[in-house]
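The sequence shown begins at 1 in the working numbering and counts up one residue at a time.
Built from N, CA and C at the ideal position, the CB exists for glycine as well.
Keep in mind it's a predicted model, so treat the numbers as computed, not measured.
Working notes for the structure below.
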Amino acid sequence: MPTTTFHRVGTGAHPVLVLHGWFGDAHAFEPIEPWLSGEAFSYLFMDCRGYGGMRGVPGDYTIDEIANDALTLADTLGIATFSLVGHSMGGMAIERIAVLAPDRVRALVAVAPVPCGGIAYDSPARQVLEAAAGSVSIRRGIIDRSTGGRLPAAWLDWKAQYSMAHVSPEAFAAYFPAWADTDFSMEIIGRHPVKVLIGEHDPVFNAALMDRTYLHRYRQATLEVLENAGHYPMNETPLALVAAIERFLVKFAEA
């Protein structure tokens, strides 16, 4: 059995590895799971080390480690080629997989993604993000800002508390510099089809950032803005997210 914890949705012939973000775990996409096309796709939702079922598993907590764990999972399950979906930090990780194993990747869907060059935060912003590892209130504030300050207080409370409960503080702290400071942009091959999905209310991971990163680095990259969503479209607009993902991935059913 694989050492990485995961769960599968669907039994279709097109495998899709799904990687969560900094505030998530393998169940971060749960609101969209009932509406996925299980006859066409097999979605594999994986926990990164330190998260969910892997909360107590030690690691280096790097983007390379996430990518290599995902490739190991695919090997263990006998999956030769696959598509990738990654949210936020997971968006950077799927880019890394495409660098490490380019011939195995059919297509990528990057959801509110951190680009492969990282994010250059100023000192005050870094201090807030670094302090989030030990503070549920700081996490709540980050989630609120990243969704445009427009979502219900009860959901913000739940999201922050879920994050505190389902990722170890050590892993959470280590993953911040992993996604913010990692830069492998010079290694991007650029030949893979990429769909970039962002929320219209996401203040950082916006169209301007995607235009100078994904759309610049990938010859076949296209951008779609999801209305009425911020940084967490799987929670904010789940049906629209499913439709956008599968409209794109259905083109790559054959390896």
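With respect to the 8 Å criterion, Leu84 and Val111 are not classified as neighbours on the basis of their beta carbons. In the three-state reduction of the DSSP assignment, Ile198 falls in the strand class, which pools E and B. Taken in chain order, the unbroken stretches of beta strand (DSSP E) that lie wholly in the segment 47-113 and span 3 residues or more are 82-87 and 105-111.
With contacts defined by Cβ atoms closer than 8 Å, Ala93 and Phe248 do not form a contacting pair. With the rule of 3 Cβ pairs closer than 8 Å, the segment 150-157 does not count as touching the segment 118-135. Beyond the five residues adjoining it in sequence on each side, Asp183 comes within less than 6 Å, by CB distance, of Gly117 and Gly118 in the same chain, given in chain order. Excluding residues up to 5 positions away in sequence, Val99 lie with their Cβ nearer than 6 Å to the Cβ of Glu187 in the same chain. C-alpha of Arg217 to C-alpha of Ala207: approximately 14 Å in a straight line. Looking from the CA of Ala174, the closest CA among Thr11, Leu71, Gly10 and Phe23 belongs to Phe23.
When DSSP states are grouped into helix, strand and coil, Phe172 belongs to the helix group.
In the three-state reduction of the DSSP assignment, Arg219 falls in the coil class.
Boundaries of the beta strand (DSSP E) around Val18: His14 to Leu19. Taking the Cα of Pro102 as reference, the smallest distance to any Cα among Trp179, His192 and Lys251 is reached at His192. Going by C-alpha positions, His166 is about 10 Å away from Asp47.
In this structure, the CA atom of Asn228 is about 11 Å from the CA atom of Asn235. Judged by beta-carbon spacing, Val16 lies beyond the 8 Å limit of Tyr51, meaning their Cβ atoms are not closer than that value.
Listed in chain order, the alpha helix (DSSP H) elements of length 4 or more contained wholly in the segment 219-251 are 233-236 and 238-249. In the three-state scheme derived from DSSP, where H, G and I count as helix and E and B as strand, Tyr43 is classed as strand. Leu239 counts as exposed, since fewer than 16 other beta carbons sit within 10 angstroms of its beta carbon. Uninterrupted alpha helix (DSSP H) stretches at least 4 residues long and entirely within the segment 127-191 occur at 136-146, 153-166 and 169-181, given in chain order.
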